[in-house]
Amino acid sequence: DAGVTQSPTHLIKTRGQHVTLRCSPISGHKSVSWYQQVLGQGPQFIFQYYEKEERGRGNFPDRFSARQFPNYSSELNVNALLLGDSALYLCASSREWTGSRETQYFGPGTRLLVL
Amino acid sequence: SQQGEEDPQALSIQEGENATMNCSYKTSINNLQWYRQNSGRGLVHLILIRSNEREKHSGRLRVTLDTSKKSSSLLITASRAADTASYFCATGGSQGNLIFGKGTKLSVKP
């Protein structure tokens, strides 16, 4: 079985632009979460979606939004990019929305650089 | 907000030695998980230990959990150069998310 896939792998944008990151979960997994990892830090939770509904949101501004599609894939959108948005964006999937009670499987991440 | 806090921040050992990393957390937990991250890539799940378990093994990994001290440790025995990575502990947040510490950066020299 394929693991969690993310696209693109790398991205360079300028301040003020918009970006869309994509994630495909493991087949059979219905929950997708997004995390931001700034260099030298641990991942920070952005969103969790289950069955196309938002089930959790971290402490991020409204410039960050996401959605989940009927095939359980997901998009993370960031508007009006700031230099501080430069980070590795990680997507994780799990079978159900059982919170942290089960293993979450992470994709390789999208490295975003904002100039 | 961070829940887990790993210690030490960085650890450098020789191949064949054991590596021990510690994690402290603040609130009660259902379980605690350890993840590995190679050079800024995705996280790989290593082991999950539940709050009613005290010790768990997986290959060369041994995890302990002390809920009275709100701490956990990850022991990697007979380390290899391929174990070089950052190691994170994670606990559960109120929204079904994982809360990670800053990680321990392990360097295993051949």
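These protein sequence lines are chains A and B, in that order. Under the working numbering, the first residue of the first sequence carries the number 1, and numbering increases by one thereafter. Under the working numbering, the first residue of the second sequence carries the number 1, and numbering increases by one thereafter. Using N, Cα and C, we set each Cβ at its ideal position, and we do this for glycine too.
To the nearest angstrom, report how far apart residue i and residue j are at their CA atoms.
i      : j      : result
B:E17  : B:S107 : 11 Å
A:P108 : A:S86  : 16 Å
B:L98  : B:T91  : 6 Å
B:G40  : B:A85  : 9 Å
A:V4   : A:G28  : 11 Å
A:L82  : B:H57  : 43 Å
A:I26  : B:S12  : 35 Å
B:S71  : B:V44  : 21 Å
A:E51  : A:L115 : 35 Å
A:S7   : A:E75  : 10 Å
B:N31  : B:R50  : 4 Å
B:E15  : B:Q37  : 19 Å
A:Q48  : B:Y25  : 22 Å
A:F133 : A:S31  : Because residue 133 of chain A is not part of the residues shown, which for chain A are 1 to 115, the question remains open.
A:E53  : B:N22  : 36 Å
A:R63  : A:E102 : 29 Å
A:A66  : A:K13  : 19 Å
B:E28  : B:P8   : Correcting the residue type first, residue 28 of chain B is Ser in the shown sequence and not Glu. The alpha-carbon atoms of B:S28 and B:P8 are separated by roughly 22 Å.
B:S1   : B:R80  : For B:S1, the predicted structure reports a pLDDT of 45, less than 50, and the residue's modelled location is therefore unreliable. The matter cannot be settled from this model.
A:L112 : B:E5   : 26 Å
B:Q95  : A:R15  : 30 Å
Can you name the residues of chain A whose CB is closer than 7 Å to the CB of residue i?
i      : result
B:H57  : Simply none; closest approach about 17 Å.
B:R41  : P108, G109
B:K111 : Within the shown structure, residues of chain B are numbered from 1 to 110, placing residue 111 of chain B beyond reach of any answer.
B:E48  : Reading off the sequence, residue 48 of chain B comes out as Leu, not Glu. In chain order: T103.
Mind listing the chain B neighbours of residue i? Cutoff is C-beta to C-beta under 8 Å, in chain order.
i      : result
A:Y105 : H45
Residues of chain B with CB under 9 Å from residue i, in chain order?
i     : result
A:S33 : G96, N97, L98
For a contact meaning CB atoms closer than 7 Å, what does residue i contact in chain B?
i     : result
A:L21 : Within chain B, no residue comes near A:L21; the closest Cβ sits about 13 Å away, beyond 7 Å.
A:L88 : G40
What are the residues that DSSP puts in a beta bridge with residue i?
i      : result
B:I47  : B:W34
B:N22  : B:D7, B:S73
B:G16  : In DSSP, B:G16 forms no bridge with anything.
B:E53  : Bridge partners of B:E53: none, in fact.
B:D66  : B:S71
A:R111 : A:H10, A:L88
Sufficient close CB pairs (3 or more, under 8 Å) joining the region 82–97 of chain A to the region 22–37 of chain A: yes
At least three beta-carbon pairs within less than 8 Å, the region 75–83 of chain B to the region 8–28 of chain A: no
Contiguous beta strand (DSSP E) assignments of at least 3 residues, all confined to the region 85–109 of chain A: 87–94
Runs of beta strand (DSSP E) lying entirely within the region 4–78 of chain A, each at least 3 residues, in chain order: 5–7, 10–13, 19–24, 31–37, 44–50, 53–57, 64–68, 74–78
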